[in-house]
Amino acid sequence: MFENLTDKLGNVFKGLTKRGSLSESDVDSALQEVRLALLEADVALPVVKDFITKVRDRAVGEEVLRSITPGQQVIKIVNDVLIEILGSGESELTIDHSPPAVILLVGLQGSGKTTTAGKLALHLKSKKRKKVMLASLDIYRPAAREQLRILGEQAEVSVLPEIDGESPANIAKRAMAAAKIQAIDVLILDTAGRTTLDAIMMSEAKEIFSLSKPSETLLVADAMTGQDAVQTAKAFSDIIKISGVILTRSDGDARGGAALSMKAVTGCPIKFVGVSEKLDGLEPFYPERAAGRILDMGDVVSLVEKAAETIAEEDAAHMMKRMSQGSFDMNDMLKQIGQLKKMGGLGGIMSMLPGIGKLQKQMAANNFNDKAISKQEAIIYSMTKQERINVGLLNASRRKRISFGSGSSVSEVNRLVKQQQDMARMMKKMGKMGGLKSMMSSLGGSISSSENPSFNKEETPIMDAGKMAEIQKLMGGNMSNRFGGMGLPGLGGKSSKKRR
Amino acid sequence: MALNWFKKLKNGLSKSASKVDNAISSITGKKTVDKEELDNIEDHLILADLGVEVASRITKRIKEQKFELNEKKEITKLDISETLASEIEKILLPCESNIFDKFKSKPHVILLAGVNGSGKTTTAGKIAEKFRLDNKTVVLAAADTFRAAAVAQLKTWADRTGAKIVSGLDGGDSAAVAYKAVEKAKNENIDIVIIDTAGRLQNKKDLMEELTKTCRVVSKLDPDAPHQKIVVLDGTVGQNAHSQLKIFNDSIGLTGMIITKLDGSAKGGVVVSLAEKFKIPIHAVGVGEGLDDLQDFKAVSFSRALAGLDEL
Chain L
101 MFENLTDKLG
111 NVFKGLTKRG
121 SLSESDVDSA
131 LQEVRLALLE
141 ADVALPVVKD
151 FITKVRDRAV
161 GEEVLRSITP
171 GQQVIKIVND
181 VLIEILGSGE
191 SELTIDHSPP
201 AVILLVGLQG
211 SGKTTTAGKL
221 ALHLKSKKRK
231 KVMLASLDIY
241 RPAAREQLRI
251 LGEQAEVSVL
261 PEIDGESPAN
271 IAKRAMAAAK
281 IQAIDVLILD
291 TAGRTTLDAI
301 MMSEAKEIFS
311 LSKPSETLLV
321 ADAMTGQDAV
331 QTAKAFSDII
341 KISGVILTRS
351 DGDARGGAAL
361 SMKAVTGCPI
371 KFVGVSEKLD
381 GLEPFYPERA
391 AGRILDMGDV
401 VSLVEKAAET
411 IAEEDAAHMM
421 KRMSQGSFDM
431 NDMLKQIGQL
441 KKMGGLGGIM
451 SMLPGIGKLQ
461 KQMAANNFND
471 KAISKQEAII
481 YSMTKQERIN
491 VGLLNASRRK
501 RISFGSGSSV
511 SEVNRLVKQQ
521 QDMARMMKKM
531 GKMGGLKSMM
541 SSLGGSISSS
551 ENPSFNKEET
561 PIMDAGKMAE
571 IQKLMGGNMS
581 NRFGGMGLPG
591 LGGKSSKKRR
Chain A
-14 MALNWFKKLK
-4 NGLSKSASKV
6 DNAISSITGK
16 KTVDKEELDN
26 IEDHLILADL
36 GVEVASRITK
46 RIKEQKFELN
56 EKKEITKLDI
66 SETLASEIEK
76 ILLPCESNIF
86 DKFKSKPHVI
96 LLAGVNGSGK
106 TTTAGKIAEK
116 FRLDNKTVVL
126 AAADTFRAAA
136 VAQLKTWADR
146 TGAKIVSGLD
156 GGDSAAVAYK
166 AVEKAKNENI
176 DIVIIDTAGR
186 LQNKKDLMEE
196 LTKTCRVVSK
206 LDPDAPHQKI
216 VVLDGTVGQN
226 AHSQLKIFND
236 SIGLTGMIIT
246 KLDGSAKGGV
256 VVSLAEKFKI
266 PIHAVGVGEG
276 LDDLQDFKAV
286 SFSRALAGLD
296 EL
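Taken in sequence, the protein lines are chains L and A. Residue numbering for the first sequence follows the working numbering, beginning at 101 and increasing consecutively. Residue numbering for the second sequence follows the working numbering, beginning at -14 and increasing consecutively.
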């Protein structure tokens, strides 16, 4: 969601980092660019002004001018201020006191409250082991309550039955009574969307707030919101006490300026971000990581955690063993592809890697996406068990059969086979080193299978040393520093090392 | 009706308008305008979501105007506001376009697309009501087979407007639903088909492909269908609207847009830069949740409301 902003800031800072020394006017002109970039990213104007002042005050200070790499120093300052504005630390929900704890969701029409209610219910049920009940107070939008009921069924949590003609306040009371009787831990109240100018609806919100005494009152806001984000956040927090923000649709290509503004305006942390249309598409928000993404520093911590979450420990140990023996066959490759997919596909991983924004664009431009990976999977699935273990068996007629079976061309099959062999060789070499590099190389292998030759100029389907160097360059040349010794958990590394 | 529209819009835009007002009032009574004050106006146009580029151009115009007038007399607040309104109007006027203008074919097929939560289903209901008032028969196609209860939501609107509805199974093929609806309209001599598609983020390639597929499938029944492909845009959206419009336009070739939720504090100022860049007709604005809260887009009214002026 931050790609565009990242690009812009990246260009600004490239200019700065090349300089040996910085004058005040250097800083000023760079900050002018930053201002523009932030405004185009829909960051609220007051927040932008505040940001620029803070960065300037610190950047012009002696500290920077005396430092050996002033450009780097300025980037660090920008990063620090970004984190300050985004808030620090992950914000847990406070729902552990006397049950039922009430979570109230409010927001504009179409911001995603109902979907978020379903996601939150699933999150609390599966990750926090809570007994959750959903109740819809939206008596206005057609089928809003039915929508919540269906989501509740999907998440397998209880949903307050609907009674026609009841007022939102009465539904809230009934929900609280029902939650008490059923020994519910957390009651999620989904309210109707309202514009902040609608006095009647805003007083309804106030009434529900004061009678339900929520432990958490979360403002659900669209990541694509423009300058109005500030108005909305302010208007809601003037009337009811907002305790946090959930930012939806952050899987879009919006630049995420709203994220920057929300915290600054409400003083409340962003607690979750919605990252897909699916019920499990809700993730905690980490300000440090978001700042990292904005500055194109990647989000390695998220990647590592995601890897740890999806790749089972034994699987990984097994894989490492096989890698170091150099016995990396089609079955292993298939497993790797599966893991890649589980981690949100190539796009998901790429967006978390540092400095990879450009590469990602290239891939998109060349029409290379997760479909190519699925194709590889299909090719392997079309092989017999023997063939998967011993690719040596693959003669021309077998390859032809596989290509028919998987709906691909023989040359695609050939490419995959070559890739697997190259990978096996590489794995043997790298097996002992472990860690992210092997991960990268396998990624690289997948990347180069792109059918578009303009991305993959050479025929070699494996990422060779040159390509690795290229990626390193894209990453600012210090990939090894950043990853040194840090293995991916589940891929041989011991444990994730937090970046700070 | 027109007055009603302006009132609602003015009320909706009041927050942003008053901001523009404030910025302007700092100028009035002076004979020269310095850079700081111009910056101030520009900032406030940015706050109204007009975007940096358009904001700075309009500011420049105001600066020029200022110098012209400077010879004769002091600048008044009204001068500035009028300049602002006319600059915005110049951009918007070519895009003003009534959705209900000309229908050549029967059935006339309208497809609504947009990101999640932009208000497609509500807009579909409101359009159906417009046609009902015009004594046209309507069939609604519930092509959102993904979101929970989307069909039930559209069904309610069908009941309210007396429109027929075609729906499929949850998770089913949305293109098939659209096809069935057009087929039904053909067989039963229905005038209008409104296809309500599922919300999709423009950067999800697969989902955008699903949309092109829907258009393709419908065109099998009538090569010109869907006759209108309208994007429904949330009025609270910021500069991301550009990305939305571009990608939706690239995928299905938009014939127009409808801006929703302008009854809130959102400014919808992004419409100005969208109009300038994409030259896509703007049909209507949504100003409430009621059946009749879809109003024809009027460039003059919109511009004047945005500049904090009363209607002419």
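No residue lacks a Cβ here, since even glycine has one placed at the ideal position from N, Cα and C.
Give me the Cα-Cα distance between residue 553 (chain L) and residue 317 (chain L), rounded to the nearest whole angstrom. As a first step, residue 553 (chain L) is located in the first sequence; it is residue number 453 there, counting from the start. As a first step, residue 317 (chain L) is located in the first sequence; it is residue number 217 there, counting from the start. Caution is warranted here: a pLDDT of 35 is assigned to residue 553 (chain L), below 50, making its placement in the model unreliable, and the coordinate value is therefore given only provisionally. Their Cα atoms are separated by approximately 52 Å.
Which residue's Cα is closest to the Cα of residue 96 (chain A): A:222, A:210 and A:285? Residue numbering aside, residue 96 (chain A) sits at position 111 when the second sequence is read from its first letter. Comparing Cα positions, the closest option is A:210.
Within the continuous alpha helix (DSSP H) that includes residue 209 (chain L), where are the two ends? Translated into the one-based positions of the first sequence, residue 209 (chain L) becomes position 109. Unbroken run through residue 209 (chain L): none, as it is neither H nor E.
Residues of chain A with a CB under 7 Å from the CB of residue 156 (chain L): which are they? On the first sequence, residue 156 (chain L) is found 56 positions in, with the first residue counted as 1. Within chain A, no residue comes near residue 156 (chain L); the closest Cβ sits about 16 Å away, beyond 7 Å.
Check the C-beta distance from residue 230 (chain L) over to residue 224 (chain L) and give it rounded, since I have them as a contact under 8 Å. As a first step, residue 230 (chain L) must be located in the first sequence, where it is residue number 130. As a first step, residue 224 (chain L) must be located in the first sequence, where it is residue number 124. The pair is a contact, with the Cβ atoms about 4 Å apart (cut-off 8 Å).
Please classify residue 214 (chain L): is it buried, with 16 or more other beta-carbons within 10 angstroms of its beta-carbon, or exposed? Within the first sequence, the letter at position 114 stands for residue 214 (chain L). Label assigned to residue 214 (chain L): buried.
Residue range of the unbroken alpha helix (DSSP H) whose run includes residue 276 (chain L): If you number the first sequence from 1, residue 276 (chain L) lands on position 176. Here the alpha helix (DSSP H) through residue 276 (chain L) covers 268 to 281.
Per the contact definition of three or more C-beta pairs closer than 8 Å, is the stretch 182 to 194 of chain L in contact with the stretch 320 to 336 of chain L? no
I think residue 184 (chain A) touches residue 99 (chain A), with their Cβ atoms under 8 Å apart; what is that distance to the nearest whole Å? Position 199 of the second sequence, counted from the start, is the residue given in the question as residue 184 (chain A). Position 114 of the second sequence, counted from the start, is the residue given in the question as residue 99 (chain A). Right, their Cβ atoms sit about 6 Å apart.
Check the C-beta distance from residue 333 (chain L) over to residue 362 (chain L) and give it rounded, since I have them as a contact under 8 Å. Here residue 333 (chain L) refers to the residue found at position 233 of the first sequence. Here residue 362 (chain L) refers to the residue found at position 262 of the first sequence. That pair is a contact at about 6 Å.
Apart from the five residues just before and just after residue 140 (chain A), which ones in its own chain have a Cβ nearer than 8 Å to its Cβ? Residue 140 (chain A) sits at position 155 when you count from the first residue of the second sequence. The answer, listed in chain order, is 127, 150 and 152.
Quick check: the Cα distance between residue 305 (chain A) and residue 329 (chain L), rounded to an integer number of angstroms? Nothing can be reported for residue 305 (chain A): it is not among the residues displayed for chain A, which extend from -14 to 297.
Residue 306 (chain L) and residue 344 (chain L) look like a contact to me (Cβ under 8 Å); what is the Cβ gap, rounded to whole Å? Counted from its first residue, the first sequence places residue 306 (chain L) at position 206. Counted from its first residue, the first sequence places residue 344 (chain L) at position 244. No, residue 306 (chain L) and residue 344 (chain L) are not in contact; Cβ-Cβ is about 18 Å, not under 8 Å.
So, is the C-beta of residue 32 (chain A) closer than 8 Å to a C-beta in chain L? In the second sequence, the residue the question calls residue 32 (chain A) occupies position 47. Yes, because at least one Cβ of chain L sits closer than 8 Å to the Cβ of residue 32 (chain A).
From the DSSP output, in three-state form, read off residue 284 (chain A) for me. Here residue 284 (chain A) is taken as the residue at index 299 of the second sequence, counted from 1. Residue state, collapsed to three classes: helix.
Would you mind sorting residue 217 (chain L) into buried or exposed? The rule is 16 or more other CB atoms within 10 Å of its CB. Locating residue 217 (chain L) in the first sequence gives position 117, counting from the first residue. By the neighbour-count rule (16 or more Cβ atoms within 10 Å), residue 217 (chain L) is buried.
Check this for me: beta carbons of residue 242 (chain L) and residue 138 (chain A), under 8 Å apart or not? In the first sequence, counting from the first residue as 1, residue 242 (chain L) sits at position 142. In the second sequence, counting from the first residue as 1, residue 138 (chain A) sits at position 153. It is a contact, given that the beta carbons lie within the stated cut-off.
Which first and last residues belong to the beta strand (DSSP E) in which residue 288 (chain L) is found? On the first sequence, residue 288 (chain L) is found 188 positions in, with the first residue counted as 1. Looking at the DSSP string, the run of the beta strand (DSSP E) that includes residue 288 (chain L) is 286 to 290.
Please report how far the alpha carbon of residue 132 (chain L) lies from the alpha carbon of residue 148 (chain L), in whole angstroms. As a working note, residue 132 (chain L) is residue 32 in the first sequence. As a working note, residue 148 (chain L) is residue 48 in the first sequence. Rounded to whole angstroms, residue 132 (chain L) to residue 148 (chain L) spans 11 Å at the Cα level.
I need the DSSP call for residue 294 (chain A), collapsed to helix, strand or coil. On the second sequence, position 309 is the one that residue 294 (chain A) refers to. It is coil, neither helix nor strand.
Could you spell out the range, first to last residue, of the beta strand (DSSP E) harbouring residue 213 (chain A)? The count along the second sequence starts at 1 and reaches residue 213 (chain A) at position 228. Taken as a continuous stretch (DSSP letters only), the beta strand (DSSP E) holding residue 213 (chain A) covers 213 to 219.
Could you tell me which of A:63, A:78, A:75 and A:121 sits nearest to residue 88 (chain A), measuring between CA atoms? In the second sequence, counting from the first residue as 1, residue 88 (chain A) sits at position 103. Minimum Cα distance to residue 88 (chain A) is reached at A:121.
Determine, using beta carbons only, whether residue 282 (chain A) comes closer than 8 Å to chain L. Sequence index remark: in the second sequence, residue 282 (chain A) carries index 297 (1-based). No, residue 282 (chain A) lies away from the interface with chain L (no Cβ there is under 8 Å from its Cβ).
Which partner residues does residue 245 (chain A) have in the DSSP bridge list? Reading the second sequence from its first residue, position 260 is the one you call residue 245 (chain A). According to DSSP, residue 245 (chain A) bridges with A:219.
Taking the beta strand (DSSP E) that residue 325 (chain L) falls in, what are its first and last residues? Counted from its first residue, the first sequence places residue 325 (chain L) at position 225. Per DSSP, residue 325 (chain L) belongs to no beta strand (DSSP E) and is neither H nor E.
State the beta-bridge partners of residue 128 (chain A) as determined by DSSP. Translated into positions along the second sequence, residue 128 (chain A) becomes position 143. Note: residue 128 (chain A) sits in a beta bridge opposite A:182.
Any chance you could list the beta strand (DSSP E) runs of at least 3 consecutive residues sitting entirely within the stretch 87 to 164 of chain A, in chain order? 93 to 98, 123 to 128 and 149 to 152
What number of angstroms, rounded off, separates the C-alpha of residue 357 (chain L) from the C-alpha of residue 225 (chain A)? Within the first sequence, numbered from 1, the residue matching residue 357 (chain L) stands at position 257. Within the second sequence, numbered from 1, the residue matching residue 225 (chain A) stands at position 240. Residue 357 (chain L) and residue 225 (chain A): Cα-Cα distance of roughly 10 Å.
I'd like to know if residue 263 (chain L) contacts chain A, where contact means its C-beta is closer than 8 Å to some C-beta of that chain. Walking along the first sequence from the start, residue 263 (chain L) turns up at place 163. Chain A, which has no Cβ nearer than 8 Å to the Cβ of residue 263 (chain L), makes this no.
Mind listing which residues of the stretch 239 to 251 of chain A have their C-beta closer than 9 Å to chain L's C-betas, in chain order? 245, 246, 248, 249, 250 and 251
Do you know offhand how far residue 138 (chain L)'s Cα is from residue 94 (chain A)'s? Numbered from 1 along the first sequence, position 38 holds the residue referred to as residue 138 (chain L). Numbered from 1 along the second sequence, position 109 holds the residue referred to as residue 94 (chain A). Going from the Cα of residue 138 (chain L) to the Cα of residue 94 (chain A) covers about 41 Å.
Please report whether the beta-carbon of residue 156 (chain A) lies at a distance below 8 Å from any beta-carbon of chain L. Taking the second sequence and counting its residues from 1, the one referred to as residue 156 (chain A) is at position 171. No, because no Cβ of chain L sits closer than 8 Å to the Cβ of residue 156 (chain A).
For residue 116 (chain A), which of A:228, A:256 and A:145 has the nearest alpha-carbon? Along the second sequence, one-based indexing puts residue 116 (chain A) at 131. Minimum Cα distance to residue 116 (chain A) is reached at A:145.
Does residue 140 (chain L) come within less than 8 Å of chain A when only Cβ atoms are used? Your numbering for residue 140 (chain L) matches position 40 in the first sequence. True, the Cβ-Cβ gap to chain A drops below 8 Å.
Chain-order list of residues whose beta-carbon lies under 8 Å from that of residue 272 (chain L) (same chain, five-residue window excluded): Within the first sequence, numbered from 1, the residue matching residue 272 (chain L) stands at position 172. Result list for residue 272 (chain L): 235, 237, 289, 308, 311 and 312, in chain order.
Taking all protein chains shown into account, decide if residue 289 (chain A) is buried (16 or more other Cβ within 10 angstroms of its Cβ) or exposed. By one-based count along the second sequence, residue 289 (chain A) stands at place 304. Residue 289 (chain A) should be labelled buried.
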